[in-house]
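When we follow the working numbering, the leftmost residue of the sequence shown carries the number 610, and every step to the right adds one. C-beta: ideal position from N, C-alpha, C; glycine also. This structure is a prediction, so every number in the text was calculated from the model and none was measured.
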Amino acid sequence: EEVAGLPTCKYTQRVLELNLAEDDLAFLKMLRRRIKNRLASQNSRRRSVEHLRQLARELRAVRACRTDALSERRTLVHTRTELRNSFAKLRNYVSKVLQDRSDPTKVPDIEPERLHESHNHFR
């Protein structure tokens, strides 16, 4: 690793100090390349594993956020249902009071389908 970790100029200087034959220089060059490739592969695998860990963390966060959003949606749907029921009771009460007074005033009716359509219009 010392051979592979040296900068090229220092490595060259060190090799020249050894006064090696051409065959030995070629062998050393091939060995240095192999070591560098091995280190690069190890680093690549390490980065890949870290990237997968990061993706797993992000996935857990997204799933938690989705769970929270679904829970909030259930709460909102329940609240909407309760409000619609309250509105229907109030409308019936007002209609009865007006009828008891013989008042011909019409009580507006809010149709859930119309509300849903107008809601989709603004998306």
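Three-state secondary structure assigned by DSSP to residue i
i, result
"R732", "Low confidence applies here, because R732 scores a pLDDT of 44, under 50, leaving its location unreliable and the question unanswered by this model."
"S711", "coil"
"L699", "helix"
"L637", "helix"
"L685", "helix"
"L664", "helix"
"L648", "helix"
"L615", "coil"
Sub-8 Å separation of residue i and residue j beta-carbons
i, j, result
"L640", "L629", "no"
"R700", "V716", "yes"
"A613", "K645", "yes"
"L615", "R623", "yes"
Boundaries (first-last residue) of the alpha helix (DSSP H) holding residue i
i, result
"I719", "No alpha helix (DSSP H) holds I719; DSSP gives it neither H nor E."
"N628", "Taken as a continuous stretch (DSSP letters only), N628 belongs to no alpha helix (DSSP H), as it is neither H nor E."
Contacting residues, own chain, Cβ-Cβ under 8 Å from residue i (five flanking each side not counted)
i, result
"I719", "F696"
"Q708", "none"
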